[in-house]
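Novice: In our numbering, the protein residues as written are 1 to 468.
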């Protein structure tokens with residue numbers, strides 16, 4: 001008998017027992033609750049201290065700070081031509097708070113575009129400073145002289161930075177460091193001579209510059225805060241200085257943001273298909289999970305209160321070699337006291353691991369809620385897939401000091417809202433329409449506040465695609 005004949009004979013045999021397909025009609029299937037791939041660890045929401053606020057607004061009062069213009073500039077690129085947005089020139093310390101758009105537009109037109117090759121020295125230490133450089137694209141390293149005559153890196157500048165701005169207020173300014181291009185750079189150069197010609201014809205600009213030069217440096221400390229006059233180490237009966245602590249006249253206020261959706265469930269589903277799992281509960285559970293994912297994304301990326309957009313420029317640093325090496329992490333931690341946590345994209349954490357492996361370093365790990373979290377210098381590095389990765393395979397690493405009592409970063413919420421199922425998250429019944437659809441309004445209120453600038457730092461433009 002052939003194989004085919006044996007198969008046909010087996011198929012024609014009478015069935016001797018109940019088949020599995022029929023048996024399932026009488027059996028209760030063991031099943032899971034609905035699963036969802038979008039759910040992540042959400043370490044930011046778990047580790048951020050949350051402060052309940054009233055009135056929907058949180059005001060951050062600080063000591064009076066003199067604005068120094070440490071901001072990032074934005075450029076417009078048309079083909080191979082790059083232009084500075086005139087209003088962005090207000091980020092320069094000399095033009096801080098200057099609002100004459102016509103004059104700013106004239107200054108922007110006087111900027112000359114230059115292409116600089118990698119390795120080229122842009123400015124040399126000790127030479128006359130008579131040009132301002134606006135870095136549209138590329139990376140520039142500032143090099144100083146160490147105490148023993150060796151070169152030392154003073155930092156790396158990247159897109160949107162500027163240097164040499166002292167020339168606008170001081171005609172005798174000299175370069176206190178050497179600026180060298182690490183990559184090919186596109187810069188806009190504003191000669192001081194061109195700037196002075198505009199100032200000679202503009203009374204408002206000339207008066208503004210005189211006011212900027214008249215501000216005494218001793219009025220502020222190294223953080224830009226108004227100085228508190230003190231006396232120490234004296235003897236006898238000298239006059240003790242009088243002082244007071246001044247506050248910002250217009251402190252920043254953070255309003256709670258909102259994320260909402262309307263969940264719809266047909267009454268037929270809610271009535272007839274609620275066993276063994278409650279359909280309404282599962283629908284609400286998955287909707288809340290999606291809402292929390294959006295909440296963490298906004299806390300990272302929102303242009304108003306997101307961490308990446310609220311970090312001060314002087315707290316942003318660039319990696320010296322592109323990849324996130326241990327030296328870069330050390331510099332990031334050194335910018336603030338008591339860093340509580342680091343946030344990085346999982347691919348950035350992998351890049352950190354590769355760099356540590358190259359040096360034969362093994363990071364310590366700590367147990368957090370049953371998870372082994374890597375650390376650097378005792379600071380945990382939490383994964384966060386909400387930190388964006390660019391097309392050039394670069395990303396950012398965030399460092400934070402947290403807590404209201406420690407002048408850190410805090411989350412804001414409003415507990416006690418109507419129909420609350422979790423703090424600051426509510427599910428409100430909206431009724432049933434003519435199509436027998438039950439509607440629920442799912443709402444989350446949240447925001448984040450940075451109490452002092454050095455509570456938040458960012459290591460920018462971290463390369464995650466380099467393997468050698």
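In this text, a Cβ means the ideal position worked out from N, Cα and C, and glycines have one as well.
Quick one: what does DSSP say residue 454 is sitting in, helix, strand or coil?
Specialist: Position 454 of the chain shown, counted from the start, is the residue given in the question as residue 454. In the structure shown, residue 454 sits in a helix (DSSP, three-state: H, G or I).
Novice: Can you tell me whether DSSP reads residue 128 as helix, strand or coil?
Specialist: Locating residue 128 in the chain shown gives position 128, where the first residue counts as 1. The answer is strand: DSSP assigns residue 128 an E or B state.
Novice: Whole angstroms is fine: what's the gap from residue 254's alpha carbon to residue 31's?
Specialist: Start at 1 with the first residue of the chain shown, and residue 254 comes out as number 254. Start at 1 with the first residue of the chain shown, and residue 31 comes out as number 31. Going from the Cα of residue 254 to the Cα of residue 31 covers about 45 Å.
Novice: Determine the DSSP secondary structure at residue 218, reduced to helix, strand or coil.
Specialist: In the chain shown, counting from the first residue as 1, residue 218 sits at position 218. Confidence is the limiting factor: at residue 218 the pLDDT is only 48, short of 50, which leaves the residue's position unreliable, though a coordinate-based value still follows. Of the three classes helix, strand and coil, the one that applies to residue 218 here is helix, per DSSP.
Novice: Measuring CB to CB, does residue 157 end up less than 8 Å from residue 132?
Specialist: Taking the first residue of the chain shown as 1, we reach residue 157 at position 157. Taking the first residue of the chain shown as 1, we reach residue 132 at position 132. Contact: no.
Novice: Taking only three categories from DSSP, how would you classify residue 27?
Specialist: Taking the chain shown and counting its residues from 1, the one referred to as residue 27 is at position 27. Here residue 27 sits in coil by DSSP.
Novice: Within the same chain, show all residues whose beta-carbon is closer than 6 Å to that of residue 309, passing over the 5 residues directly before and after it, in chain order.
Specialist: For this step, residue 309 is matched to residue 309 along the chain shown. Excluding positions up to five away in sequence, the list reads 303.
Novice: Locate the alpha helix (DSSP H) running through residue 296, then write down its first and last residues.
Specialist: If you number the chain shown from 1, residue 296 lands on position 296. Run containing residue 296: 279-301, per the alpha helix (DSSP H) assignment.
Novice: Identify whether residue 448 lies in helix, strand or coil by the three-state DSSP scheme.
Specialist: The count along the chain shown starts at 1 and reaches residue 448 at position 448. In the structure shown, residue 448 sits in a strand (DSSP, three-state: E or B).
Novice: Is the number of C-beta pairs between the region 380-388 and the region 310-327 that are closer than 8 Å three or more?
Specialist: The region 380-388 vs the region 310-327: no contact.
Novice: Determine the contact status of residue 169 and residue 94, defining contact as a CB-CB distance below 8 Å.
Specialist: Along the chain shown, read from residue 1 onward, the residue named residue 169 stands at position 169. Along the chain shown, read from residue 1 onward, the residue named residue 94 stands at position 94. Their beta carbons are under 8 Å apart, which means residue 169 touches residue 94 by this criterion.
Novice: So for residue 421, helix, strand or coil by DSSP?
Specialist: Position 421 of the chain shown, counted from the first residue, corresponds to residue 421. DSSP places residue 421 in strand when its eight states are reduced to three.
Novice: Can you tell me the Cβ-Cβ gap for residue 269 and residue 282, rounded? I've got them flagged as a contact below 8 Å.
Specialist: For this step, residue 269 is matched to residue 269 along the chain shown. For this step, residue 282 is matched to residue 282 along the chain shown. That pair is no contact at about 11 Å.
Novice: Output the boundary residues of the beta strand (DSSP E) element that contains residue 142.
Specialist: On the chain shown, position 142 is the one that residue 142 refers to. From DSSP, the beta strand (DSSP E) with residue 142 extends over 140-145.
Novice: With DSSP as the reference, label residue 46 as helix, strand or coil.
Specialist: Stepping through the chain shown from its first residue, residue 46 is reached at position 46. Helix at residue 46.
Novice: Just the C-alpha distance for residue 68 and residue 90, rounded to the nearest angstrom, thanks.
Specialist: The residue labelled residue 68 in the question sits at position 68 within the chain shown. The residue labelled residue 90 in the question sits at position 90 within the chain shown. For residue 68, the predicted model reports a pLDDT of 49, less than 50, meaning its position is unreliable and no value from the coordinates is stated.
Novice: With respect to the beta strand (DSSP E) encompassing residue 343, which residues constitute its N-terminal and C-terminal limits?
Specialist: The residue given as residue 343 occupies position 343 in the chain shown. Looking at the DSSP string, the run of the beta strand (DSSP E) that includes residue 343 is 341-344.
Novice: Under 8 Å Cβ to Cβ from residue 180, same chain only, skipping five residues before and after it: list those, please.
Specialist: Locating residue 180 in the chain shown gives position 180, counting from the first residue. If we look at residue 180 and ignore the five residues flanking it on each side, its Cβ neighbours are 119, 120, 121, 122, 140, 141, 143.
Novice: Restricting to Cα atoms, I'd like to know which of 16, 266, 458 is closest to residue 474.
Specialist: With the chain covering only 1 through 468, there is no way to say anything about residue 474.
Novice: Could you name the residues of the same chain whose beta carbon sits closer than 8 Å to that of residue 56, not counting the 5 residues immediately before and after it, in chain order?
Specialist: Locating residue 56 in the chain shown gives position 56, counting from the first residue. So the qualifying residues of the chain are 255, 256, 414, 445.
Novice: Could you tell me the boundaries of the beta strand (DSSP E) in which residue 82 lies?
Specialist: To locate residue 82, count along the chain shown from 1; it is residue 82. Start and end: 81-84.
Novice: Who are the Cβ neighbours of residue 409 in its own chain at under 6 Å, not counting the five residues just before and after it?
Specialist: On the chain shown, residue 409 is found 409 positions in, with the first residue counted as 1. For residue 409, where only same-chain residues beyond five positions count, the Cβ hits under 6 Å are 400, 402, 450, 455, 456.
Novice: Please state whether DSSP places residue 353 in a helix, a strand or coil.
Specialist: Start at 1 with the first residue of the chain shown, and residue 353 comes out as number 353. Residue 353: helix per DSSP, three-state reduction.
Novice: Closer than 7 Å: is that where the CB of residue 35 sits relative to any heavy atom of the ligand FAD?
Specialist: Looking for the ligand FAD in the displayed structure turns up nothing, as the structure carries no ligands at all.
Novice: In angstroms with no decimal places, state the Cα-to-Cα distance between residue 334 and residue 327.
Specialist: Mapped onto the chain shown, residue 334 falls at position 334. Mapped onto the chain shown, residue 327 falls at position 327. Approximately 10 Å between the Cα atoms of the pair.
Novice: For the beta strand (DSSP E) that contains residue 112, what are its first and last residues?
Specialist: In the chain shown, residue 112 corresponds to position 112, counting from 1. Segment 112-116, the beta strand (DSSP E) holding residue 112.
Novice: Would the beta-carbon of residue 104 fall within 8 Å of that of residue 87?
Specialist: In the chain shown, counting from the first residue as 1, residue 104 sits at position 104. In the chain shown, counting from the first residue as 1, residue 87 sits at position 87. Contact flag set, yes.
Novice: Suppose the cutoff is 6 Å on Cβ atoms and the five residues either side in sequence are ignored; what does the same chain contact list for residue 439 look like?
Specialist: Stepping through the chain shown from its first residue, residue 439 is reached at position 439. Taken in chain order, the residues that qualify are 262, 264, 430.
Novice: What are the boundary residues of the beta strand (DSSP E) that includes residue 231?
Specialist: Residue numbering aside, residue 231 sits at position 231 when the chain shown is read from its first letter. Per DSSP, residue 231 belongs to no beta strand (DSSP E) and is neither H nor E.
Novice: At a cut of 8 Å, does the region 44-63 reach the region 239-253 through at least three beta carbon pairs?
Specialist: yes
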